[in-house]
Structures are given as C-alpha cells and as structure tokens.
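Notes follow the structure.
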Amino acid sequence: MDSYRSYRSDVFHPPQPSVQDLGRRRASAVRILTVGGGKGGVGKSFVACNVGAEMARLGRRVVLVDADLGGANLHTYLGLEFPGRTLNDLLTHRVDHIEDVIVPTRFANLRLISGAANVLGAANPRHDHKARIARALRELDADVVILDLGSGTSYNTLDFFLLSDEGIFIVVPEPTSLENAYAFIKASFFRRLRRATTDARIKTLVDRVADGRAEQAIRTPADLLTAIDAMDPRAGARLREDLRGFRLRVVINQVRSVEDIQLGFAIRKVCRRYFGLDVDYLGYVNYDNVVWKSIKQRNLLLAEYPLSEPAEFISRMTRKLLQLEKPTSRPETALAGAGLHGTG
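Residues 1 to 344 in this note's numbering are what the sequence shown spells out, letter by letter.
Printed below as a string of structure tokens:
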C-alpha cells in the first residue's frame, strides 16, 4: 500500500510547459485534445467524457466530439438520446456552421458534437471532409475541444489523432492492449513523418520502414531519422522540429497493482528509446465497480460517484492537463490515507 502511494505524486505531477507549448497555446485560441488507443474497450470514451466534464466544472468551455468512426456513443455516457444533429449535417451542407450541430448537455460548460457514422464510417472519407472538420474545430467558441476516436490504426483515425495539440492514448494492463498501443504509436509516428514532408524520396523511405521493407541498417524510427539526415540534412532538421510538436500522453486504465502503475513509466521509457519521443505519463485510473455502474446508469462517474477513487484520479489528470496541480515536496506523503481498493 505504501509503495502504491509513493507513485501518485510522480505520476500526477505536471511537467512545466515548454516555450514551444506556450507558443502553440497562444497561436490557437482552442486547445484540441484527442483520445485514442489501439484497442477497443480500453476506456477511451469513459476518459474523454469524464475529463471533459471535470474541465467544464473547473470553468473551461468544453466541446466533446464523437469521432469514433465505428460507432458514436458519447451521448450514452452523457445520458442523452442520439442527437438529431450530427457532423453529417455539416458535411452535407444541411447546416452552414459547426456551431449548428452542437447540442447542450445537462452539465454546465459541456457541449457535444455527435459523429456521423454514414459519412465518417466509410472506408476512406474524403480528404475535404476531414479538412473541413479540422478547420471548423479550430473556429469553435470553446476553450477545449476533446475528440473521442475509434480504435485501430486506420488513416482516418490517425489523421484525427494527429490534428490535435496533444494526443492521449489509453492502455489497460493486458498484453493485447500493450501490443495495440505500440502499434498505434508507431503508426501515428510514421503517419506524422509522412505528412510533414513533400519530398517523394523521403515519403518512399518512410513507407518502406513502416512496412518493414527497409534495408537492414534501419531498424528503428531513430535509425530512419539518421538516414533522412544523410539524404537531406535540412529535411531531417525540419522533421525533427516537427516531431518536437508531437505531444503524446499515456493513461493506464483499470489499474489493480503497483506493477500496473509502473507500466506507464515503462511505456514512456520505450517510446523515448525507440521513437525518440518524450511521452508524458498523464495518470492512471484504478479498477473499480463504480466505473461500470456509472456507465450502466448512463451517467458520468464524476456525477454519480464524485467521491470515488477513480473520480479522484480523473480529477488529478484533468488538473495536470490544465497545469493546476500543485507539486508536493514529498512524493511519499501525497494523498496519504488513500489506497488501491474498490469502492463498489
């Protein structure tokens, strides 16, 4: 129990924002977060809804966007019927502005845009559809926009994940989830690299490495960047600069043990060594019956069980995202008295 407590401050302590982060925040009035992951059922919608609700409670104007290409369901978490207005109405020009498809929720400062399965669920949505959505999201009258994505590594999912200022990916401590998480990060990495260059030679090389067809000397993404440097030093420098803006955060869901908590640190270490990416361990949510109970009751965890441990962890992650969490001088005393146990 004591060892479990000692991890809390290490995980939930917010990193100081970099100069690049502050510049991006000033450049865009709307902060866009995407929540994804390689595997279905890991809790993406649960995290997106509850983090959004907590941000709204803290005074931010939040818009949730259901961008699950396989099946929109955020309205269920919010206790709503399927909205009569969706992104489909925007894309088919039934409405002129994205604000026209936003529906209110019963939570102050929290609004919803529902997905349109018959358009976004197509195998290859038109590029102009995705581009129009991306532009419209940046123009929303909101402080934060949170996109809940579907599972998998289709180009559609990756493109929405990469349009954000920060991507959050959810992992549960299971082998299949871990495998899919690394596949998702890898696919996102290569997709971003390919989109960041117009050089056909570099695009071809990226594709070959992504497909496992590159020469033996290129074994990792770091090797790929070295090879690009050799081809064109300026292009290599530009790609490295672009990757510095590739902000990833990991959340471990359904935690049952200290070993599960440590998984977030392990993922961060692997991403640094293999991809050269600084991944932030945003936090974790412990396994607790109140989570599935809140979903069954078609209500948010924070509304139904606000004093539960999962609600506390959601709040800590949210405050970390908003840079509101104050560091403690002694990690081992952080939140003393709380433990890893269920409340339901």
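Yeah, the Cβ is synthetic: ideal placement off N, Cα and C, and Gly gets one too.
According to DSSP, residues forming a beta bridge with residue i
i    : result
F354 : Nothing can be reported for residue 354: it is not among the residues displayed for the chain, which extend from 1 to 344.
D141 : None; D141 has no bridge partner.
I267 : Paired residues: none, contrary to the question.
L110 : V62
V103 : L112
I146 : L33, L64
G283 : V251
S86  : The identity of residue 86 in the sequence shown is Thr, whereas the question assumes Ser. T86 pairs with S114.
Residue i vs residue j beta-carbon contact at 8 Å
i    : j    : result
F82  : S114 : yes
R240 : L225 : yes
A142 : T197 : no
L110 : G59  : no
C49  : L80  : no
M368 : T318 : The structure shown does not extend to residue 368, since the chain spans only 1 to 344, so no value can be given for it.
I170 : V62  : no
G36  : T157 : yes
D148 : A67  : yes
I168 : L78  : no
D112 : L64  : The sequence given here has Leu at residue 112, not Asp. It is a contact, given that the beta carbons lie within the stated cut-off.
V144 : R31  : yes
L307 : V291 : no
Residues of its chain near residue i, where Cβ-Cβ distance is below 7 Å and the 5 sequence neighbours each way are ignored
i    : result
A134 : L163
R201 : M231
A123 : Confidence at A123 is low in this model, with a pLDDT of 40, below 50, so the placement of that residue is unreliable and no value is reported for it.
Per-residue burial, residue i [other beta carbons within 10 Å of its own, 16 or more giving buried]
i    : result
Q254 : buried
R273 : exposed
M231 : exposed
N289 : exposed
G212 : exposed
K320 : buried
A29  : exposed
Y287 : buried
A311 : buried
H127 : exposed
L22  : Confidence in L22 is poor, its pLDDT being 38 and thus under 50, which makes the residue's placement too unreliable to answer from.
R298 : exposed
A217 : exposed
S294 : buried
G283 : buried
K44  : buried
Test: residue i CB closer than 8 Å to a CB of chain D
i    : result
T105 : Chain labels in this structure do not include chain D; a single protein chain is all it has.
Same chain, Cβ closer than 6 Å to residue i, five either side skipped, listed in chain order
i    : result
A214 : R208
A222 : G276
P173 : D260, L263
I98  : L90, A136
Cβ neighbours of residue i in the same chain (closer than 8 Å, five flanking residues each side left out)
i    : result
R238 : A196, T197
Cβ-heavy atom distance, residue i to the ligand SAH, below 7 Å
i    : result
A311 : The model depicted lacks the ligand SAH and carries no ligand whatsoever.
Practice task
May I ask you to verify whether the region 164-180 touches the region 79-98, counting CB pairs closer than 8 Å and requiring at least 3?
Solution key: Judged by Cβ distances under 8 Å, the region 164-180 makes no contact with the region 79-98, as fewer than three pairs qualify.
Practice task
Check whether the region 183-199 touches the region 241-254, taking contact to mean three or more Cβ pairs, one atom from each stretch, closer than 8 Å.
Solution key: Verdict: yes, contact present.
Handout entry: Stretch-stretch touch, CB-based, cutoff 8 Å, three pairs: the region 260-270 with the region 33-42
Key = Counting Cβ pairs under 8 Å, fewer than three are found: no touch.
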